[in-house]
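Written below as structure tokens is the structure these notes are about.
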Amino acid sequence: AAGVIQSPRHLIKEKRETATLKCYPIPRHDTVYWYQQGPGQDPQFLISFYEKMQSDKGSIPDRFSAQQFSDYHSELNMSSLELGDSALYFCASSPVGGDEETQYFGPGTRLLVL
Amino acid sequence: AQTVTQSQPEMSVQEAETVTLSCTYDTSESDYYLFWYKQPPSRQMILVIRQEAYKQQNATENRFSVNFQKAAKSFSLKISDSQLGDAAMYFCAYRSGETSGSRLTFGEGTQLTVNP
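Protein sequence lines, in the order shown, are assigned to chains H and Z. In terms of the working numbering, the first sequence opens at residue 1 and continues consecutively. In terms of the working numbering, the second sequence opens at residue 1001 and continues consecutively.
Structural data, given as structure tokens:
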């Protein structure tokens, strides 16, 4: 079965640089979620989109922005990167109707800020 | 705001034995969903089981089952016939059922070790 695709899988950036993380949801999934997981921590919700509109917003820094495109893929843009932004970033998606409450996670993007 | 608490940072079990992981949550909502996710060393988040709050029957998926006590706001995971591949971090998670696109709120996680 198709899964959530995230790219890149690994990313190394310097402080103050920018990064763009991409997420391609499972086909026929219209809702996308972004989470940040620091070392030894549980995932923390950043933001979600339903039908290309922001539907919920968590502790996302102002330096971060995200959007969902017409093909339902999503991008998380991160600017002025800080050492503390080093984390595993998950994208998850959920389907239209039926199982819409369940979120299926991608493999994550490991971001290291030096 | 909803909170999820996992009071067991670490648990261990012998292969083929049964283990129960605890989770409690706090909410004022009546419509919600509860989940257990597994995160092995690869750090992939894998759905184990889900429970709808309006259902009284406890969910079961093969060797995995839950004990959902709505009044006590408790949602424990039982793993029967434990296998080496069950070793992972297990996260309990809550999701509101009131709006589309609602976030998952996770507990702190329980690290499960399976001993051969």
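A virtual CB, placed ideally from N, CA and C, is assigned to each residue, including glycine. Since this is a predicted model, take the numbers as computed values, not measurements.
Can you pull the chain Z neighbours of residue i, defined as C-beta to C-beta under 7 Å?
i	result
Thr109(H)	Within chain Z, no residue comes near Thr109(H); the closest Cβ sits about 11 Å away, beyond 7 Å.
Gln103(H)	Leu1104
Gly58(H)	Arg1103
Just confirm the distance between the C-beta atoms of residue i and residue j, as a whole number of angstroms; I'd bet it's less than 8 Å.
i	j	result
Cys23(H)	Gly108(H)	Rounded, the Cβ-Cβ distance is 10 Å, inconsistent with contact.
Ala87(H)	Gln36(H)	5 Å
Phe1064(Z)	Cys1023(Z)	Going by Cβ atoms, the distance from Phe1064(Z) to Cys1023(Z) rounds to 13 Å, so no, they are not a contact pair.
Ser48(H)	Ser55(H)	5 Å
Ser1100(Z)	Thr31(H)	7 Å
Lys15(H)	Leu112(H)	11 Å between Cβ atoms; not a contact.
Asp1026(Z)	Gln1057(Z)	In fact, because the Cβ distance is near 23 Å, the residues do not count as touching under 8 Å.
Ser59(H)	Thr18(H)	Contact doesn't hold; Cβ gap of about 20 Å is too wide.
Asp42(H)	Phe1091(Z)	6 Å
So what does residue i bridge to, in DSSP terms?
i	result
Val1066(Z)	Leu1077(Z)
Gln68(H)	Ser74(H)
Ala19(H)	Met78(H)
Ala1093(Z)	Phe1035(Z), Phe1106(Z)
Gln1014(Z)	Asn1115(Z)
Lys52(H)	Note: Lys52(H) sits in no beta bridge, so no partner.
Ser93(H)	Val32(H), Tyr104(H)
Val113(H)	Lys13(H)
Ile47(H)	Trp34(H), Lys57(H)
Gln6(H)	Cys23(H)
Leu1084(Z)	Note: Leu1084(Z) sits in no beta bridge, so no partner.
If the cut is a Cβ gap below 7 Å, which residues of chain H does residue i touch?
i	result
Gly1107(Z)	Asp42
Gly1117(Z)	Nothing about residue 1117(Z) can be read from this structure; chain Z reaches only from 1001 to 1116.
Arg1050(Z)	Thr102
Based on Cα-Cα distance, which residue from the options lies nearest to residue i?
i	options	result
Ala1093(Z)	Ser1012(Z), Tyr1037(Z), Leu1021(Z)	Tyr1037(Z)
Ser1042(Z)	Ser1102(Z), Gly1097(Z), Glu1052(Z), Asp1086(Z)	Asp1086(Z)
Ser1007(Z)	Gln1111(Z), Arg1103(Z), Ile1049(Z)	Gln1111(Z)
Cys51(H)	Gln44(H), Gln67(H), Gln41(H)	At residue 51(H) the sequence reads Glu, which differs from the Cys that was named. For the residues Gln44(H), Gln67(H), Gln41(H), the minimum Cα distance to Glu51(H) belongs to Gln67(H).
Leu76(H)	Tyr89(H), Leu83(H), Ser70(H)	Tyr89(H)
Gln6(H)	Thr102(H), Arg63(H), Cys91(H)	Cys91(H)
Leu1096(Z)	Glu1052(Z), Gln1056(Z), Ile1079(Z)	Residue 1096(Z) is actually Ser in this sequence, not Leu. Checked all of Glu1052(Z), Gln1056(Z), Ile1079(Z); the closest Cα to Ser1096(Z) is Glu1052(Z).
Asn1115(Z)	Ile1049(Z), Thr1005(Z), Glu1017(Z)	Glu1017(Z)
Pro61(H)	Val113(H), His29(H), Glu101(H), Asp85(H)	Asp85(H)
His29(H)	Ser70(H), Leu11(H), Ile12(H)	Ser70(H)
Leu1021(Z)	Tyr1032(Z), Thr1105(Z), Phe1068(Z), Gln1044(Z)	Phe1068(Z)
Lys1055(Z)	Ile1079(Z), Leu1077(Z), Ile1046(Z), Ser1030(Z)	Ser1030(Z)
Since residue i meets chain H, which of its residues come closer than 8 Å, beta carbon to beta carbon?
i	result
Ser1100(Z)	Thr31, Tyr50, Ser55, Glu100
Phe1091(Z)	Asp42, Pro43
So with CB distances below 9 Å, who are the chain Z contacts of residue i?
i	result
Leu76(H)	Under the 9 Å cutoff, chain Z gives no residues; its nearest Cβ is about 15 Å from Leu76(H).
Just the chain Z side, please: which residues come within less than 8 Å of residue i by C-beta, in chain order?
i	result
Phe64(H)	The contacting residues do not exist; Phe64(H) stays about 15 Å from chain Z at best.
Leu88(H)	Arg1043
By the criterion of Cβ-Cβ separation under 9 Å, what are the contact partners of residue i in chain H?
i	result
Leu1047(Z)	Thr102, Gln103, Tyr104, Phe105
Tyr1025(Z)	Under the 9 Å cutoff, chain H gives no residues; its nearest Cβ is about 13 Å from Tyr1025(Z).
Tyr957(Z)	Here chain Z has residues from 1001 to 1116 only, and residue 957(Z) is not among them.
Legend entry - Ordered list of beta strand (DSSP E) runs contained in the stretch 1018-1065 of chain Z, each at least 3 residues: 1019-1021, 1024-1026, 1032-1039, 1046-1052
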